[in-house]
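Those protein sequences? They're chains C and R, same order as listed.
Numbering of the first sequence is given in this note's numbering, commencing with residue 1 and proceeding in unit increments.
Numbering of the second sequence is given in this note's numbering, commencing with residue 1001 and proceeding in unit increments.
Glycine included, every Cβ here is placed at the ideal spot set by N, Cα and C.
Before any comments, here is the structure.
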Amino acid sequence: MIAYALIFALGCYGLGLLINLWRIAVGPHNADRILALDTMVINVIALLILYGILQGTAIYYEASMLIAMVGFVSTVAYCRFVLRGDIIE
Amino acid sequence: MPALTELIIAVFLVISGIFGLVGSYGLIKLQDTLQRIHAPTKATTLGMGGVLIASMLFFWLVKGTFSFHELMITLFMFLTAPISAHFIAKTYMKSNIRPENVPETERDYGWALYDDPPGHSEQDSATPGQPGNVQT
C-alpha cells in the first residue's frame, strides 16, 4: 500500500514541477517567476524525501535541508536584486 | 508490518501529494500575481508537512530508527515561507503599483517600500549607496 501511495505522491509532485516550469516560462512579471522558482524548491524537497522513503535510507535529509537553505537564500537574493538593483549593499 | 501503520503512512502520503499538486495548480489557476502568492503556501504547509510526517512515521515504525531531521526541515520551511512571500509581494508592488494608489499608513512614516526610512532626512538620502536609500 505504501508503494502505491509513494508512486501517487511522486506523480503529483512531478506534475507540480511541470506546472511550475510552465509558470516560469509564461509568467508575465518577475514576481511570478520568483514565486514559481520558490514553489519548485519546495516540490524538489518533497520529491527528495519521497525518494528517500522509496529507497529506505535516511541519507537524503541533509541534501533536502541544504536545498531548503539555498532555495530561501536564492529567493531573497533574486527579490533584492529586482528591488534594489544589488544584492549586498 | 501491521496494516494500520501502513494505512496511516499511505494516507499521509496521499494527502501530501494532493496538497502539493493543489499548491502548484493554483499557480496556473489564479488570475493575478498577488493572488498567486496565496497558492504555494498550501504546498509548503500541508504538502511538506504530510511528506515529513509520513517519512518520520515510516522510519520510526517500519525501520525502527527515530530522527528529528524532519522536524528541523519543517521548522525551517515554516520560518522562511512568510519572509519569501513578503519579499515577492514587495517585488511585485515595486514595479506594478504606484505609490499614489496605496492607502495611507495613518502614521508618521509612509510605506517602507516607497519612502525613506525614519531618521533619514533629504540630504542624507541624497548620498548614493546609503542603506535605506529607496530609489523609486
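Short CB-CB distance (under 7 angstroms) between residue i and chain C
{"i": "serine 1084/R", "result": "yes"}
{"i": "alanine 1010/R", "result": "yes"}
{"i": "glycine 1064/R", "result": "no"}
{"i": "glycine 1017/R", "result": "yes"}
{"i": "threonine 1080/R", "result": "yes"}
{"i": "glycine 1020/R", "result": "yes"}
{"i": "phenylalanine 1068/R", "result": "no"}
{"i": "leucine 1013/R", "result": "yes"}
Residue closest to residue i, alpha-carbon to alpha-carbon, out of the options
{"i": "isoleucine 34/C", "options": "Gly71/C, Leu48/C, Ser64/C", "result": "Gly71/C"}
{"i": "arginine 1023/R", "options": "Leu15/C, Val26/C, Gly27/C", "result": "Going by the sequence as given, residue 1023/R is glycine instead of arginine. Checking every option, the nearest Cα to that of glycine 1023/R belongs to Leu15/C."}
{"i": "alanine 5/C", "options": "Tyr1114/R, Val1011/R, Gly1026/R, Lys1063/R", "result": "Val1011/R"}
{"i": "leucine 47/C", "options": "Ile59/C, Thr57/C, Ser64/C", "result": "Ser64/C"}
{"i": "isoleucine 1088/R", "options": "Arg1036/R, Met1048/R, Tyr1114/R, Lys1042/R", "result": "Arg1036/R"}
{"i": "leucine 1004/R", "options": "Leu1030/R, Gln1031/R, Leu1057/R", "result": "Leu1057/R"}
{"i": "isoleucine 42/C", "options": "Leu1030/R, Thr1065/R, Gly1017/R, Lys1063/R", "result": "Gly1017/R"}
{"i": "isoleucine 2/C", "options": "Leu1061/R, Glu1100/R, His1086/R, Phe1019/R", "result": "Leu1061/R"}
{"i": "leucine 83/C", "options": "Ala1112/R, Arg1107/R, Ile1009/R", "result": "Ala1112/R"}
{"i": "leucine 66/C", "options": "Ile1083/R, Val1014/R, Met1077/R", "result": "Met1077/R"}
{"i": "arginine 80/C", "options": "Glu1070/R, Ser1067/R, Ser1095/R", "result": "Ser1095/R"}
{"i": "threonine 1065/R", "options": "Ile53/C, Glu89/C, Asp38/C, Tyr13/C", "result": "Ile53/C"}
{"i": "alanine 1054/R", "options": "Ile1083/R, Ile1008/R, Thr1045/R", "result": "Ile1008/R"}
{"i": "proline 1082/R", "options": "Leu1030/R, Pro1002/R, Val1014/R, Thr1045/R", "result": "Thr1045/R"}
{"i": "valine 1014/R", "options": "Tyr13/C, Phe8/C, Ile19/C", "result": "Phe8/C"}
{"i": "threonine 75/C", "options": "Ser1084/R, Met1072/R, Glu1070/R", "result": "Ser1084/R"}
{"i": "phenylalanine 1068/R", "options": "Ala68/C, Tyr61/C, Met69/C", "result": "Tyr61/C"}
Integer Cβ distance of residue i from residue j, believed to fall under 8 angstroms
{"i": "glycine 1026/R", "j": "alanine 1039/R", "result": "3 angstroms"}
{"i": "threonine 1041/R", "j": "alanine 31/C", "result": "Their Cβ separation, rounded to whole angstroms, is 15 angstroms, which puts threonine 1041/R and alanine 31/C out of contact at 8 angstroms."}
{"i": "threonine 1074/R", "j": "methionine 1048/R", "result": "7 angstroms"}
{"i": "alanine 58/C", "j": "phenylalanine 1059/R", "result": "6 angstroms"}
Cβ of residue i within 7 angstroms of any chain R Cβ
{"i": "alanine 5/C", "result": "yes"}
{"i": "leucine 83/C", "result": "yes"}
{"i": "valine 41/C", "result": "no"}
{"i": "aspartate 86/C", "result": "no"}
{"i": "valine 44/C", "result": "no"}
{"i": "valine 76/C", "result": "yes"}
Checklist entry - Taking Cβ-Cβ distances below 7 angstroms as the criterion, which residues of the segment 1025-1044 of chain R are in contact with chain C? => result Those residues of the segment 1025-1044 of chain R that come within reach of chain C (Cβ to Cβ, closer than 7 angstroms) are Tyr1025, Leu1027, Ile1028, Thr1033, Arg1036, Ile1037, Pro1040, Ala1043, Thr1044.
Next on the checklist: To be precise: take each residue of the segment 1083-1108 of chain R, compare its Cβ to all Cβ atoms of chain C, and keep it if any distance is under 8 angstroms. Which residues remain?
Outcome noted: Answer set for the segment 1083-1108 of chain R: Ile1083, Ser1084, Phe1087, Ile1088, Ala1089, Lys1090, Thr1091, Tyr1092, Lys1094, Ser1095, Asn1096.
Checklist entry - In the segment 63-74 of chain C, which residues sit with their C-beta less than 8 angstroms from some C-beta in chain R, listed in chain order? => result Against chain R - using a Cβ distance shorter than 8 angstroms - the residues of the segment 63-74 of chain C are Ser64, Met65, Ala68, Met69, Phe72.
Item to check | Interfacial residues, the segment 1-34 of chain C to chain R, with Cβ spacing under 7 angstroms | outcome: Cβ contacts with chain R come from Met1, Ile2, Ala5, Leu6, Phe8, Ala9, Cys12, Tyr13, Leu15, Gly16, Ile19, Asn20, Trp22, Arg23, His29, Asn30, Ala31, Asp32, Ile34.
Checklist entry - Looking at chain C, which residues of the segment 1045-1063 of chain R have a Cβ within less than 9 angstroms of any of its Cβ atoms? => result Cβ contacts with chain C: Gly1047, Met1048, Gly1050, Val1051, Leu1052, Ala1054, Ser1055, Phe1058, Phe1059, Val1062, Lys1063.
Item to check | Contact set between the segment 50-61 of chain C and chain R, restricted to residues whose Cβ is under 9 angstroms from the partner | outcome: If the cut-off is 9 angstroms between Cβ atoms, the segment 50-61 of chain C has Leu50, Gly52, Ile53, Gly56, Ala58, Tyr61 near chain R.
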